[in-house]
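Student: Taking numbering that gives the first Met the number 0, I'd label the letters of the sequence shown as residues 0 to 544.
For every residue, glycine included, the Cβ atom is placed at its ideal position computed from N, Cα and C.
If you're wondering where the values come from, they're calculated on a predicted model, not measured in any experiment.
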Amino acid sequence: MPAIPGYEVLGELGRGGMGVVFKARDTRLKRLVALKMIRGTPDPRDLARFRAEAEAVARLQHPNVIQIHEIGDHDGQPYFSLEFVEGGSLDRFIKGTPQPPRESAVLIRTLALAMQVAHDAGIVHRDLKPANIMMAGGREKPWWESVAKVGDFGLAKRLDDDSGQTRHGAPMGTPSYMAPEQASGDIEAIGPWSDVWALGAILYELITGRPPFKGQTVWDTIAQVRDQDPVAPTRLNNRCPRDLEVITLKCLQKRPKDRYESARGLADDLQSWLDGRPIQARPAGRIERTIKWARRSPFQAAALAAAAACVVAVGVALYAQMRSAQATADLANSELKEQKRKDGARDHLNELYSRAETGAAAAPKDRAGWVAVEANAHAALDLVKDEPSLADSPLLEPARRLQAQAEGRIADARDRDAARGRLPQFHKSYAEAVFHGTLYTGLDLIENIDRARKGAAEGLTLFGVTPDNDGPPQVDPRFFEPVEAQAVAADCYELLLIDAQALAQPRVGEPAGEWRRRLHEALGRLDRADRLGVAPKTHSGLSLR
């Protein structure tokens, strides 16, 4: 075991082509870390790649990217310590078994957003695969209950790096997950779209239990990546959702421009699928698949084209004979389709009207029930307007009547809510006027009078008992029981008495003429109370005098 000052090495976690990772304890901060070192004696290229990985990870601060703690060198041996993730890598959970589609989509969306942060920072991973996705959360529970973290940036490429380390032409990465441009050794063509391919390859393995390409040898796999299309996921797992298959295959398009424009674009489309919304990706049509096959197999395509030309020559002769019969069949088929469309529209109209009629027959007491009736009647009328064949439907007028009935009930419900909504404020104003009319509030006489009058005026106004309205309180009998209307009238009577008594109170230093004017106004309030035609309530609190 290596001896690195400040670390107690506990055991080996794993090794790759260049590096080895140990489980270690940071003796200074008392925490577990992953300690990564170069295996054996490093050459300059290994050192450059090791430093590039450390710099790449250090530039990324994201909860789904394994974080770097320290970069160091001991006796010429470089190392860096990383966040230790307990739980194992994703490949240990898959084990050749299709995983739940929804949880798989959530995972790839999470990884895509993490990679978008890397791409925005100018870093392409180039080696995304299940073995490099660590699941923080323990081995005992399902992987989708863990936090995914991207690790091993050993092949990461900086988009602004022109060093020789990124220009040699040998394929770098894991064949089953590397993009065609990566498998071809075209380093200059590698970019964020290459990571999008790898994310699609991981998603493919999650929903099918196997990677999209796997040959007998490394070179067989690379050839498949470059020249073959992956088997449709639904052929390997018939429970795979069709739209999730379309998203996966868009990631695995041979040409970068045919994939998602960015990792964020992939994440957004996965979110649309998770939300049940339409996705942006579209399945390749027959013509598009044919063109792709011809590009990959030009000689076979040329032979097939020659054979097709012969078939066409024979077919032209037969076509002339079949044309008349086909035209007749097409006409009959078109008429049948048109009739089916009209029948479908009529059935839909019947269904909408039936819903509206049933809802109205139930006589719902709440507004929501009538809103549903109106919506169905409205949809039925819109259907008639858009479909000429329904113009003479006997349901047209009944639907209009149902819509009008529903609109009336909705308006009634709205008016009822508004009318009854005045009661709480009325009771509050009434209580305010009565309370200050007692004079036992701790306030002086003038302030009691002003507050009593203010409460009385607010309460009376709510039900239309104002100086310019000589009628009874405006209590809509549709929305109030008779006993409620009588109670409101009685309270209005008492508020008029409170206002009259407040007006009649003399004030210190007030001119006699002003007092007489208020006495006259108070008499008007009493006359108004008398015209309400209600029996007065006895209230011991009316003590303004």
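1. GLU180 lies in the alpha helix (DSSP H); which residues open and close that run?
2. Based on the DSSP secondary-structure assignment, which residues constitute the bridge partners of ALA23?
3. How long is the line joining the alpha carbons of LEU110 and LEU198, rounded to whole angstroms?
4. For a test of the three-state rule: what should DSSP assign to ALA528, helix, strand or coil?
5. Do SER103 and LEU251 have their C-beta atoms closer together than 8 Å?
6. Return the bridge partner residues of LYS140 from the DSSP annotation.
7. Helix or strand or just coil, what does DSSP make of PRO387?
8. Decide yes or no for the touch test of the segment 147-154 against the segment 93-100: beta carbon pairs closer than 8 Å, at least 3 of them.
9. Look at the Cβ atom of ARG530, then the Cβ atom of ASP490, and state whether they are nearer than 8 Å.
10. Kindly indicate which residue of SER183, GLU493, ARG281, VAL195 has the alpha-carbon position closest to the one of ILE221.
11. Compute the Euclidean distance between the alpha carbons of PRO229 and LEU248, then round it to the nearest angstrom.
12. Given a threshold of 16 other Cβ atoms within 10 Å of its Cβ, counted over all protein chains shown, does PRO481 qualify as buried or as exposed?
13. What are the boundary residues of the alpha helix (DSSP H) that includes GLU396?
14. Kindly indicate which residue of MET177, LEU106, GLU446 has the alpha-carbon position closest to the one of GLU144.
15. For the segment 224-240 and the segment 258-267, state whether three or more C-beta atom pairs, one from each stretch, are separated by less than 8 Å.
16. Taking buried to mean at least 16 other C-beta atoms within 10 Å of its own C-beta, is VAL56 buried or exposed?
17. Who are the Cβ neighbours of GLY121 in its own chain at under 7 Å, not counting the five residues just before and after it?
18. Give a yes or no on whether the C-beta atoms belonging to GLY13 and ARG27 are separated by under 8 Å.
19. Quick check on this structure: which residue in VAL507, ARG506, VAL433, ARG477 has the alpha carbon closest to the alpha carbon of ILE497?
20. Apart from the five residues just before and just after ARG138, which ones in its own chain have a Cβ nearer than 7 Å to its Cβ?
21. Which residues mark the beginning and the end of the alpha helix (DSSP H) in which ASP72 is found?
22. Report yes or no: do the segment 346-366 and the segment 389-398 share at least 3 C-beta pairs separated by less than 8 Å?
23. In whole angstroms, what is the alpha-carbon distance linking ARG544 and GLN500?
24. Tell me the DSSP secondary structure of LYS336 in three-state form.
25. For the segment 395-406 against the segment 421-432, are there 3 or more C-beta pairs whose distance is under 8 Å?
26. Would you mind reading off the limits of the alpha helix (DSSP H) that contains MET114?
27. Could you spell out where the alpha helix (DSSP H) holding PHE92 opens and where it closes?
28. From this set, LEU46, MET177, LEU31, which residue's C-alpha is nearest ILE67's C-alpha?
29. By Cβ distance below 8 Å, which residues in the same chain neighbour ALA484 in space, the five residues on each side in sequence not counted?
30. Would you report the Cα separation of LYS35 and ASP42, rounded to the nearest angstrom?
31. DSSP three-state label for VAL123, please.
32. Just to confirm before moving on: does the CB-CB distance between LEU89 and ILE132 stay below 8 Å?
33. Going by C-alpha to C-alpha distance, which of LEU518, ALA410, GLY343 sits closest to ARG366?
34. Rounded to a whole number of angstroms, what is the C-alpha to C-alpha distance between THR437 and ALA455?
35. Quick check: what's the CA-CA separation for ALA376 versus ASP274?
Tutor: If we stick to the structure as given:
1. For the purposes of this step, residue 180 is identified with residue 181 of the sequence shown, where counting begins at 1. According to the DSSP assignment, GLU180 belongs to the alpha helix (DSSP H) that extends over 179-182.
2. Counting from 1 along the sequence shown, the entry for residue 23 is found at position 24. DSSP lists VAL8, VAL32 as partners of ALA23.
3. Counted from its first residue, the sequence shown places residue 110 at position 111. Counted from its first residue, the sequence shown places residue 198 at position 199. Cα to Cα, LEU110 sits roughly 8 Å from LEU198.
4. Reading the sequence shown from its first residue, position 529 is the one you call residue 528. In the structure shown, ALA528 sits in a helix (DSSP, three-state: H, G or I).
5. Residue mapping note: residue 103 aligns to position 104 of the sequence shown, counting from 1. Residue mapping note: residue 251 aligns to position 252 of the sequence shown, counting from 1. Contact: no.
6. Your numbering for residue 140 matches position 141 in the sequence shown. The secondary-structure analysis by DSSP pairs LYS140 with nothing; it has no beta-bridge partner.
7. For the purposes of this step, residue 387 is identified with residue 388 of the sequence shown, where counting begins at 1. Taken through DSSP and simplified to helix, strand or coil, PRO387 comes out as helix.
8. No: the two stretches stay apart, fewer than three of their Cβ pairs being nearer than 8 Å.
9. Walking along the sequence shown from the start, residue 530 turns up at place 531. Walking along the sequence shown from the start, residue 490 turns up at place 491. No, Cβ-Cβ distance for ARG530 and ASP490 is not below 8 Å.
10. The sequence position of residue 221 within the sequence shown is 222, counting from 1. The option with the nearest alpha carbon to ILE221 is SER183.
11. On the sequence shown, position 230 is the one that residue 229 refers to. On the sequence shown, position 249 is the one that residue 248 refers to. PRO229 and LEU248: Cα-Cα distance of roughly 8 Å.
12. By 1-based counting over the sequence shown, the position of residue 481 is 482. That one is exposed.
13. Walking along the sequence shown from the start, residue 396 turns up at place 397. From DSSP, the alpha helix (DSSP H) with GLU396 extends over 395-419.
14. Start at 1 with the first residue of the sequence shown, and residue 144 comes out as number 145. Nearest of MET177, LEU106, GLU446 to GLU144, Cα basis: LEU106.
15. As far as the Cβ criterion goes, the segment 224-240 does not touch the segment 258-267, which means the pair count is below three.
16. If you number the sequence shown from 1, residue 56 lands on position 57. Note on VAL56: 16 or more other CB atoms within 10 angstroms of its CB, so buried under the neighbour-count rule.
17. Working through the sequence shown from its first residue, we reach residue 121 at position 122. Here the set comprises ARG157, LEU158, ASP159.
18. Mapped onto the sequence shown, residue 13 falls at position 14. Mapped onto the sequence shown, residue 27 falls at position 28. Between GLY13 and ARG27, the C-beta gap is not smaller than 8 Å, which leaves the two residues out of contact.
19. As a first step, residue 497 is located in the sequence shown; it is residue number 498 there, counting from the start. Nearest neighbour of ILE497 by Cα position, chosen from VAL507, ARG506, VAL433, ARG477, turns out to be VAL433.
20. Taking the first residue of the sequence shown as position 1, residue 138 is located at position 139. Taken in chain order, the residues that qualify are GLY86, GLY87.
21. Here residue 72 is taken as the residue at index 73 of the sequence shown, counted from 1. Bounds of any alpha helix (DSSP H) do not take in ASP72; it lies within the beta strand (DSSP E) bounded by 67-73.
22. With a cut-off of 8 Å, the segment 389-398 and the segment 346-366 count as touching, because enough Cβ pairs lie within range.
23. The residue labelled residue 544 in the question sits at position 545 within the sequence shown. The residue labelled residue 500 in the question sits at position 501 within the sequence shown. With a pLDDT of 37 at ARG544, under the threshold of 50, the predicted position of this residue should be treated as unreliable, though the coordinate-derived value follows. Cα atoms of ARG544 and GLN500: separation of roughly 7 Å, rounded to the nearest angstrom.
24. Here residue 336 is taken as the residue at index 337 of the sequence shown, counted from 1. Secondary structure of LYS336 (DSSP, three-state): helix.
25. Judged by pairs of C-beta atoms under 8 Å, the segment 395-406 does not touch the segment 421-432, as fewer than three such pairs exist.
26. As a working mapping, residue 114 is identified with position 115 in the sequence shown. 100-119 is the span of the alpha helix (DSSP H), which, as asked, contains MET114.
27. The residue you call residue 92 lines up with position 93 of the sequence shown. Its alpha helix (DSSP H) spans residues 90-93.
28. Residue mapping note: residue 67 aligns to position 68 of the sequence shown, counting from 1. In terms of Cα proximity to ILE67, the closest of LEU46, MET177, LEU31 is LEU31.
29. The residue given as residue 484 occupies position 485 in the sequence shown. Around ALA484: PRO472, VAL474, PRO476.
30. Mapped onto the sequence shown, residue 35 falls at position 36. Mapped onto the sequence shown, residue 42 falls at position 43. C-alpha separation (whole angstroms): 16 Å.
31. Numbered from its first residue, the sequence shown carries residue 123 at position 124. It is a strand residue.
32. Position 90 of the sequence shown, counting from 1, holds the residue named residue 89. Position 133 of the sequence shown, counting from 1, holds the residue named residue 132. Yes, these two residues count as a Cβ contact at 8 Å.
33. For the purposes of this step, residue 366 is taken as residue 367 along the sequence shown, with counting starting at 1. Measuring from the Cα of ARG366, the nearest candidate turns out to be ALA410.
34. Within the sequence shown, residue 437 is the residue found at index 438, counting from 1. Within the sequence shown, residue 455 is the residue found at index 456, counting from 1. The straight-line gap separating the alpha-carbon atoms of THR437 and ALA455 is approximately 13 Å.
35. By 1-based counting over the sequence shown, the position of residue 376 is 377. By 1-based counting over the sequence shown, the position of residue 274 is 275. Near 30 Å, if we compare the C-alpha coordinates of ASP274 and ALA376.
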